[in-house]
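If you read the protein sequences in the order shown, they are chains A and B. The working numbering puts the first residue of the first sequence at 1, with every later residue one more than the last. The working numbering puts the first residue of the second sequence at 1001, with every later residue one more than the last. Glycine included, each C-beta is placed from N, C-alpha and C at the ideal position. Small disclaimer: the values here were computed from a predicted structure and weren't measured. Below is one structure, written out as structure tokens; comments come after it.
2 protein chains.
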Amino acid sequence: MRIAIDAMGGDFAPQAVLEGVKLVLPELTKDAEIILYGDEAALQKGLAGLGVSDARIRLVATTEVIGFDEQPTLAIRKKKDSSMVRAIESVANGEADCVLSAGSTGALLTGATLIIKRLKGVKRPALATVLPTLDSCALLLDCGANTDCKSDYLVQFAIMGSAYMKSVFGVEHPRVGLLNNGTEEEKGNELTKEAHALLKTAPVRFTGNCEARDVLGGEFDVVVCDGFDGNIVLKGTEGTASLMMNLLKRSLMMNFRTKMGALLCKPAFKQLKKKLDYTEYGGAPLLGVNGGVIKAHGSSNAKAFRSAILQGVKLISSNATALLGEQIAQLVTEE
Amino acid sequence: MRIAIDAMGGDFAPQAVLEGVKLVLPELTKDAEIILYGDEAALQKGLAGLGVSDARIRLVATTEVIGFDEQPTLAIRKKKDSSMVRAIESVANGEADCVLSAGSTGALLTGATLIIKRLKGVKRPALATVLPTLDSCALLLDCGANTDCKSDYLVQFAIMGSAYMKSVFGVEHPRVGLLNNGTEEEKGNELTKEAHALLKTAPVRFTGNCEARDVLGGEFDVVVCDGFDGNIVLKGTEGTASLMMNLLKRSLMMNFRTKMGALLCKPAFKQLKKKLDYTEYGGAPLLGVNGGVIKAHGSSNAKAFRSAILQGVKLISSNATALLGEQIAQLVTEE
């Protein structure tokens, strides 16, 4: 189990990365390996500062960093010795099983597709995000790898998402929903109407259209959509949660009574915050490439890196990539 | 000021409609007129049951009702004596200034477009929804009248939405955002990239792309998108708010301490709920047709009907329709 980390990627890199590694070390097996790509001196200094010395950590010196504002394809092609490109290459050439980065999403997606390459038959890899529901969680994909999609991409997303939920979360027959503007079959835009028809005969447990209000409702294990709408759902959820938290805080300051109440409720608010905290859920796996790829949130802190590393461990040990590769290969053979 | 109401439309019609009318009567001027279309006997009985007798209410007997599951165009064409069609016609022939319905959205949109007709130059009327922000509100359009849109429709939505926010809410220079998957200019799908370029030179105060997390953030007064994505944002907001309320309730039941805290916090929770309660915000105006049209939520209760009627009053007295008509006409002349 070898995880390659782009230690220079993310708003708080490399410090948050190293703190995340420190947090996760006690949870990893003896034979695990964490390979950190980045400025060797900075990484050594950082680890020493945290008092971390562990044989399972290996440093690989790189000289370049890809920024958030760089054109993805150009950056991947030109910055051959960047922490991100080198970490991605380690998966491509078999030195690592999974790569993790909190750097530029576009660069990571481009790099993974160009260097690790797609699984046979996969039309477009998709970025998947685990969202909380009342009693469990749901996988939303695509969350931004493919802004404009064709209907057959959505069918592949359904297959890949189902394989992931089965292997990583143990959901035996994941219920797949198609994000749409109504539950009725005839609803939708050009894309979703076509996708609905295709999903009905696809080798997944398609349970119909899923309205945006039901994504977090717990009735679907996998929800598919194009990358534009996945982004809308994800960021819309974030915006609403943030507004509600702010409104709640303001209301609680209303008077002495509610202020006292708020003090008593603190453990409950904490629990709520934890349930909604993205840093608890790890990163977003890129499904459909020939190896593990996990995109962590750009503003990941130590806790988020810990969760993302654990997600990488799960991704590797569950063998999800192989499973979804088989299913896509089967689909392509049948076509 | 004459408001025509489809008294048979909505999940709780006609009872909720009549209760809403009772609630709103003290807030209306002496010369206001409420015209209720529906089953005359049922309406008379309902009003009597509520003890309502007011010269400002007029009943118009109709014999048919359009259901939620009917094909819109067919229903509008065939059910000439339905409460919805008759109420829409009253605006078309000048008997009323605004029509209000909580019935089938599709039928109301089709009916309004076919019977009242579009304002000169308007390519597609749009359904607009007022959403709460921390300190104010924002107008999101289109929320479902046009599933698939062209970029020039979005420009017209921006103009119509700006005129509405100016005339109804008194926002002098409404800040217009384009719903998109990133704030950077080059972000977007085919539609939003095109729309971004057009909006830059459109006669509105275009302030750039608006990510879904910022729709409720208070930095935009008007946010434009196609009807598919408007639906996603609207229902996504609803779903997230509902999940959070459920998670909060569950967390508050954690132990004796948090239960006591919850009791003390009750007024604060009530205030939060009120801020998020759609029944406080009235219905969604259909902008771009030659008269006032307001779509109330299908499951509107008395309070929601009261809010929607007051919104109709505002729509009429602000002269929003005339203002947006002028601006669209000017745009068309310039083209």
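Is the Cβ of residue i closer than 8 angstroms to any Cβ of chain B?
i, result
"F157 of chain A", "no"
"F68 of chain A", "no"
"K251 of chain A", "Looking at the sequence provided, one finds Ser at residue 251 of chain A rather than Lys. For S251 of chain A, the answer is yes, since a Cβ of chain B falls inside 8 angstroms of its Cβ."
"R124 of chain A", "no"
"F228 of chain A", "yes"
"A268 of chain A", "yes"
"R379 of chain A", "No answer is possible for residue 379 of chain A: it lies beyond the span of chain A, which begins at 1 and ends at 335."
"A241 of chain A", "yes"
"E238 of chain A", "yes"
"Q327 of chain A", "no"
"C137 of chain A", "no"
"C265 of chain A", "yes"
"L247 of chain A", "yes"
Checking contacts by CB at 8 angstroms: is residue i closer than that to chain A?
i, result
"M1160 of chain B", "no"
"V1233 of chain B", "yes"
"N1181 of chain B", "yes"
"R1257 of chain B", "yes"
"M1260 of chain B", "yes"
"D1054 of chain B", "no"
"N1189 of chain B", "yes"
"T1147 of chain B", "yes"
"A1165 of chain B", "Position check: residue 1165 of chain B holds Met in this sequence, whereas Ala was assumed. M1165 of chain B does not count as touching chain A."
"N1209 of chain B", "no"
"G1144 of chain B", "yes"
"K1275 of chain B", "yes"
"G1217 of chain B", "yes"
"N1301 of chain B", "no"
"N1093 of chain B", "no"
"L1286 of chain B", "no"
How is residue i classed by DSSP in three states: helix, strand or coil?
i, result
"N1209 of chain B", "strand"
"D6 of chain A", "strand"
"S1300 of chain B", "coil"
"T1062 of chain B", "coil"
"T1258 of chain B", "helix"
"R1175 of chain B", "strand"
"V52 of chain A", "coil"
"C1265 of chain B", "helix"
"V122 of chain A", "coil"
"L216 of chain A", "coil"
"A320 of chain A", "helix"
"E1070 of chain B", "coil"
"P203 of chain A", "coil"
"A1087 of chain B", "helix"
"P1026 of chain B", "helix"
Within its chain, find whatever has a CB closer than 6 angstroms to the CB of residue i; leave out the 5 residues flanking it on each side and keep chain order.
i, result
"G1325 of chain B", "L1119"
"L25 of chain A", "D54"
"A308 of chain A", "L100, G282, G283, I294 and A296"
Kindly list the residues whose CB is nearer than 7 angstroms to the CB of residue i, restricted to its own chain and excluding five residues on each side of it in sequence; keep chain order.
i, result
"D1229 of chain B", "L1179"
"G1038 of chain B", "A1007, M1008, P1014, T1062 and S1083"
"V340 of chain A", "Outside the modelled stretch of chain A, which goes from 1 to 335, sits residue 340 of chain A, for which no answer is possible."
"V1204 of chain B", "A1158, I1159, S1162 and V1176"
"I1316 of chain B", "M1001, D1097, C1098 and G1292"
"T1183 of chain B", "G1208, N1209 and E1211"
"N319 of chain A", "S167"
"K200 of chain A", "F206"
"D1011 of chain B", "G1298 and S1299"
Let me know if residue i comes out buried or exposed under the rule of 16 or more other beta-carbons within 10 Å of its beta-carbon.
i, result
"E172 of chain A", "exposed"
"K354 of chain A", "Missing from the structure shown is residue 354 of chain A; chain A here goes from 1 to 335 and no further."
"G1144 of chain B", "buried"
"L108 of chain A", "buried"
"K1295 of chain B", "buried"
"G1111 of chain B", "buried"
"F68 of chain A", "exposed"
"F1256 of chain B", "exposed"
"V1313 of chain B", "buried"
"V215 of chain A", "buried"
"R1213 of chain B", "buried"
With a threshold of 7 angstroms, establish whether the CB of residue i neighbours any heavy atom of the ligand MN.
i, result
"E190 of chain A", "Looking for the ligand MN in the displayed structure turns up nothing, as the structure carries no ligands at all."
Less than 8 angstroms between the CB atoms is what I'm expecting for residue i and residue j, so what's the real figure, rounded?
i, j, result
"L127 of chain A", "A284 of chain A", "5 angstroms"
"G392 of chain A", "T129 of chain A", "Residue 392 of chain A is absent from the model: chain A starts at 1 and stops at 335."
"L1023 of chain B", "K1303 of chain B", "7 angstroms"
"M1245 of chain B", "A268 of chain A", "Rounded, the Cβ-Cβ distance is 13 angstroms, inconsistent with contact."
"V1091 of chain B", "I1116 of chain B", "5 angstroms"
In chain C, what lies closer than 7 angstroms to residue i by C-beta?
i, result
"L141 of chain A", "This model lacks chain C altogether, as its protein chains are A and B."
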